[in-house]
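Per my numbering, the very first residue in the sequence shown carries number 10; after that it's consecutive. In this text, a Cβ means the ideal position worked out from N, Cα and C, and glycines have one as well. Scroll down for the structure; my scribbles are underneath it.
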Amino acid sequence: MLGGIEEAANAERVLVVRLGALGDVVRTRFAFAGVRALYPDAKIDWLIEDRAAAGLVGLAELDEAVIVPRRRLRPGHPRIALRTLRDFVRELRERRYDLSIDFHGVFRGAFLTWSAGIPVRVGYDLPFAKEGSRHLLTHRLRIAHAHISRFERNAALVRFLGGEVPSAPAALTLGNAPASLPRLPERFALIHPGTSPKTSYKRWETERFGEVARTLRERVGIPSLVAFGPVPGEQAAADAVVAAAAGAAALAPSTASLAEFLALLSRASVFVGCDSGPMHLASLARTPAVAIFGPTDPIENAPFPGVPSRVVRSDVGCNPCREGCPSRACMRAVQPDAVAVAALALLAALPAAPARGI
Numbered sequence: 010m011l012g013g014i015e016e017a018a019n020a021e022r023v024l025v026v027r028l029g030a031l032g033d034v035v036r037t038r039f040a041f042a043g044v045r046a047l048y049p050d051a052k053i054d055w056l057i058e059d060r061a062a063a064g065l066v067g068l069a070e071l072d073e074a075v076i077v078p079r080r081r082l083r084p085g086h087p088r089i090a091l092r093t094l095r096d097f098v099r100e101l102r103e104r105r106y107d108l109s110i111d112f113h114g115v116f117r118g119a120f121l122t123w124s125a126g127i128p129v130r131v132g133y134d135l136p137f138a139k140e141g142s143r144h145l146l147t148h149r150l151r152i153a154h155a156h157i158s159r160f161e162r163n164a165a166l167v168r169f170l171g172g173e174v175p176s177a178p179a180a181l182t183l184g185n186a187p188a189s190l191p192r193l194p195e196r197f198a199l200i201h202p203g204t205s206p207k208t209s210y211k212r213w214e215t216e217r218f219g220e221v222a223r224t225l226r227e228r229v230g231i232p233s234l235v236a237f238g239p240v241p242g243e244q245a246a247a248d249a250v251v252a253a254a255a256g257a258a259a260l261a262p263s264t265a266s267l268a269e270f271l272a273l274l275s276r277a278s279v280f281v282g283c284d285s286g287p288m289h290l291a292s293l294a295r296t297p298a299v300a301i302f303g304p305t306d307p308i309e310n311a312p313f314p315g316v317p318s319r320v321v322r323s324d325v326g327c328n329p330c331r332e333g334c335p336s337r338a339c340m341r342a343v344q345p346d347a348v349a350v351a352a353l354a355l356l357a358a359l360p361a362a363p364a365r366g367i
């Protein structure tokens, strides 16, 4: 090990901490590759909540996902919560971890690793440590420049330990998921108009996605497939994009799992979507991505730098804000032509291949 933390140099049992959410877990996977390279022979587990655990699919070098029993820890049932917490902490203690690496920086993750008696607990200092979590760490990283991407923040923690994050995503292990997909066009754009239910303010108009699909079809003859997830309203949004595309797009085949969605992403020539989990999944699948930004920070939430991407946004004077104002002026200011031009630039950099209809 070059540099790093002496007490962590010979760790044999490592616990990575990123409890959620899905997009953040996906972004932490790139740093996980650096952790595995630093500790090639160690048992490395990941502490995560059940609702985000799907984000670890295809991560072959992970030994085990340790699921936090989130639902049973709710404060509405104090006896059940206390009993569950006691039992879960006992389980963590029995695993005898030497080192925890906390990429999340919130109290509940730091409290669990502290309660488990893990002797070396590494994480962030201010401003990235929230809720007093830094006080439960043994080694804290203070980053001088706070306005950096989440990928760079995670990479800095790996470097703090003496490692490096690879410049390209690791190959995915998706089992039979690719074989489950139906026949697809040789080249196609994958459009995903959705975001999480709590961040609907990040969504772009379905009519504009449809216009992008029409432009791609007219300019380079490439069709679009429109994907949707289980979030209420997403299929209706996908249907609206297809209708607005006027024959230039069709619904993507439904995917029953994240592995199948990653397999679909890996077949796409380009991804077009908002600042969302699927956008970061595109980087994981090594698919070039056009990311449409409005109220969220395009630096902090930028796509993974190791995969070609274009961020499209309009500065309206008040963004980024994360406020979700009713006018959504920053999203309405993003024009379809700008998004289409970004997608065309990424497509132009790909090896030539014939496009065929949907």
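(message) Helix, strand or coil, according to DSSP, for residue 48 in the structure here?
(response) Three-state DSSP puts residue 48 in coil, outside helix and strand.
(message) Helix, strand or coil, according to DSSP, for residue 18 in the structure here?
(response) If DSSP states are grouped into helix, strand and coil, residue 18 belongs with coil.
(message) Within 10 Å of its beta-carbon, does residue 182 have 16 or more other beta-carbons around it, so buried, or fewer, so exposed?
(response) Residue 182 comes out exposed.
(request) Mind checking who residue 130 pairs with in its DSSP beta bridge? (result) DSSP, once it has assigned bridges, lists 109 as partnering residue 130.
(message) I need the straight-line Cα distance from residue 98 to residue 163, nearest angstrom please.
(response) Residue 98 and residue 163: Cα-Cα distance of roughly 26 Å.
(request) Closer than 6 Å by C-beta to residue 187: which residues in its own chain qualify, once you throw out the five before and the five after it? Chain order, please. (result) Closer than 6 Å at Cβ, skipping near neighbours: 272.
(request) Using the Cα positions of residue 101 and residue 125, report the straight-line distance between them to the nearest angstrom. (result) Rounded to the nearest whole angstrom, the CA to CA distance from residue 101 to residue 125 is 6 Å.
(message) Nearest by alpha-carbon distance to residue 110: which of 82, 57, 199, 61 is it?
(response) Here the closest residue by C-alpha is 57.
(request) Could you check if residue 72 is buried or exposed, using at least 16 other CB atoms within 10 Å of its CB as the buried criterion? (result) Exposed: under 16 other Cβ atoms inside 10 Å.
(message) Can you tell me whether residue 318 is buried or exposed? The criterion is at least 16 other CB atoms within 10 Å of its CB, across all chains shown.
(response) Looking at its Cβ environment, which holds 16 or more other Cβ atoms inside 10 Å, residue 318 is buried.
(message) Can you find the residues in the same chain that come closer than 8 Å, C-beta to C-beta, to residue 266, ignoring five residues on each side of it along the sequence?
(response) Answer for residue 266: 63, 66, 186, listed in chain order.
(request) For the alpha helix (DSSP H) holding residue 289, just list the boundary residues, first then last. (result) Boundaries of the alpha helix (DSSP H) around residue 289: 286-293.
(request) Reducing DSSP to helix, strand and coil, say where residue 348 ends up. (result) For residue 348, the secondary structure class from DSSP, reduced to helix, strand or coil, is helix.
(message) Out of 327, 270, 76, which one is the CA nearest neighbour of residue 118?
(response) Looking from the CA of residue 118, the closest CA among 327, 270, 76 belongs to 76.
(message) By DSSP's criteria, residue 280 is part of a beta bridge. Which residues make up the other side?
(response) 199, 298.
(request) Using only alpha-carbon positions, find the residue among 250, 256, 292, 224 that is nearest to residue 353. (result) For residue 353, the nearest C-alpha among the options comes from 224.
(request) Could you pull out every residue in the same chain whose Cβ sits closer than 8 Å to the Cβ of residue 14, ignoring the five residues on either side in sequence? (result) If we look at residue 14 and ignore the five residues flanking it on each side, its Cβ neighbours are 129, 131, 148, 169, 170, 171.
(message) To test your reading of the DSSP string, which unbroken alpha helix (DSSP H) runs of 4 or more residues are found completely within the segment 189-237?
(response) DSSP runs (the alpha helix (DSSP H)) wholly in the segment 189-237: 215-229.
(request) Give the straight-line distance between the Cα atoms of residue 309 and residue 157, rounded to the nearest whole angstrom. (result) Rounded to the nearest angstrom, the two C-alpha atoms are 5 Å apart.
(message) Tell me the residue span of the beta strand (DSSP E) that contains residue 149.
(response) For residue 149, the enclosing beta strand (DSSP E) stretches over residues 148-150.
(request) Put residue 100 into one of helix, strand or coil per three-state DSSP. (result) In the structure shown, residue 100 adopts helical secondary structure according to DSSP, grouped into three states.
(request) Could you say if the segment 240-255 and the segment 16-34 meet the contact criterion of at least three C-beta pairs nearer than 8 Å? (result) Three or more Cβ pairs closer than 8 Å define a contact, and the segment 240-255 falls short of that threshold against the segment 16-34.
(message) One question on the structure: do residue 303 and residue 327 come within less than 7 Å of each other, judged by their Cβ atoms?
(response) Annotated as distal: residue 303 and residue 327, with beta-carbon spacing of 7 Å or more.
(request) Report, in whole angstroms, the separation of the C-beta atoms of residue 50 and residue 79, which I expect to be a contact under 8 Å. (result) For residue 50 against residue 79, the beta-carbon gap comes to about 31 Å, at or over 8 Å, which does not count as contact.
(request) Assign residue 154 to one of two classes, buried (16 or more other C-beta atoms within 10 Å of its C-beta) or exposed (fewer than that). (result) Around the beta carbon of residue 154, a 10 Å sphere encloses fewer than 16 other beta carbons of the protein chains shown; the residue is thus reported as exposed.
(request) For residue 285, count neighbouring C-beta atoms within 10 Å of its own C-beta (all shown protein chains included) and say buried if the count is 16 or more, exposed if not. (result) With 16 or more other Cβ atoms inside 10 Å of its own Cβ, residue 285 counts as buried.
(request) Please state if the CB of residue 35 and the CB of residue 293 are separated by a distance shorter than 7 Å. (result) Their beta carbons are under 7 Å apart, which means residue 293 touches residue 35 by this criterion.
(request) Alpha carbon to alpha carbon, how far is residue 88 from residue 291? Give it in angstroms, no decimals. (result) If I take the Cα positions, the gap works out to 42 Å.
(request) Would you mind stating whether residue 321 and residue 347 have Cβ atoms separated by less than 7 Å? (result) Taking the C-beta atoms as reference points, residue 347 is found nearer than 7 Å to residue 321.
(request) Could you tell me the distance, in whole angstroms, from the CA atom of residue 335 to the CA atom of residue 300? (result) Going by C-alpha positions, residue 335 is about 22 Å away from residue 300.
(request) Would you list the residues sitting across from residue 258 in a DSSP beta bridge? (result) Listed as beta-bridge partners of residue 258 by DSSP are 233.
(request) Compare the Cα-Cα distances from residue 122 to each of 222, 104, 136 and report the closest residue. (result) If you compare the alpha carbons of 222, 104, 136 with that of residue 122, the shortest gap goes to 104.
(request) Give the DSSP bridge partners of residue 267, in chain order. (result) Residue 267 is not bridged to any residue.
(request) Please state if the CB of residue 39 and the CB of residue 174 are separated by a distance shorter than 7 Å. (result) It is a contact, given that the beta carbons lie within the stated cut-off.
(message) Taking the beta carbon of residue 363 as the centre, do at least 16 other beta carbons fall within 10 Å, making it buried, or is it exposed?
(response) Per-residue confidence for residue 363 stands at a pLDDT of 43, beneath the threshold of 50, marking its modelled position as unreliable; the derived number appears in the next sentence. Under this definition residue 363 is an exposed residue.
(message) Using only the alpha-carbon positions, how far apart do residue 222 and residue 232 sit?
(response) Their Cα atoms are separated by approximately 7 Å.
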